[in-house]
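In terms of full-length UniProt numbering, the sequence shown is residues 1 to 149.
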Amino acid sequence: MIKSIDNIELKKELAYNLMNDFKNELYNKDIIERIINKIEQIPFYVYIEKGNEIGFLSMKSLTEESADIYFIKMLDEYKEKGFEGELINNVATFYKEKGYKLLRVKILADGKHDNLINFYRSVGFFKLEERIESGDIENKVLVMIRPLI
């Protein structure tokens, strides 16, 4: 079951609980804190399987017709079992029903994310462009889009 969560404290709690298994240099405590601070302000969908929260997806509207997948996280033991795809497809259907025409996702283009790129292709996304984005650090990103028409 996929459920939309509006309560900010519940969003934070679920995000912290589901992100506590990140153990790599990309997701240090400061980065996780920034992600969660952003998640507080945007739509948040949790995947519940047999009464347990196993993953979430947060979205960010770009325009009245397009939205970003801001962050998706699934517990490791549920990855590659169809849950992530079901989560994305259900949220995509919801956004299509609200009149959105396009979903976008950005992936680090560092040569280490081929599996992620292939996953997004499997749920209807295709490559749009690669570009450099600046934030705290400069990153090369691959932009992928999924039409909702």
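Ideal Cβ placement from N, Cα and C applies to all residues, glycine included.
DSSP three-state label for residue i, please.
i: residue 92; result: helix
i: residue 1; result: coil
i: residue 79; result: coil
i: residue 7; result: coil
i: residue 100; result: coil
i: residue 17; result: helix
i: residue 87; result: helix
Give the range of the beta strand (DSSP E) segment to which residue i is assigned.
i: residue 68; result: 66 to 74
i: residue 49; result: 44 to 49
Look up residue i in the DSSP assignment and give the residues it is bridged to.
i: residue 143; result: 106 and 129
i: residue 138; result: 134
What residue range is occupied by the uninterrupted alpha helix (DSSP H) comprising residue i?
i: residue 54; result: Element bounds for residue 54: not the alpha helix (DSSP H) but the beta strand (DSSP E), 52 to 61.
i: residue 31; result: 29 to 39
i: residue 116; result: 114 to 122
Please look up how many angstroms separate the CB atoms of residue i and residue j, rounded, as I've assumed it's under 8 Å.
i: residue 108; j: residue 87; result: 21 Å between Cβ atoms; not a contact.
field: Any 3 or more C-beta pairs closer than 8 Å across the region 128 to 137 and the region 64 to 83
entry: The region 128 to 137 is not in contact with the region 64 to 83.
message: Does the contact criterion of 3 or more C-beta pairs under 8 Å hold for the region 93 to 103 versus the region 111 to 120?
response: Fewer than three beta-carbon pairs drawn from the region 93 to 103 and the region 111 to 120 are found closer than 8 Å, and the two stretches are therefore not classed as touching.
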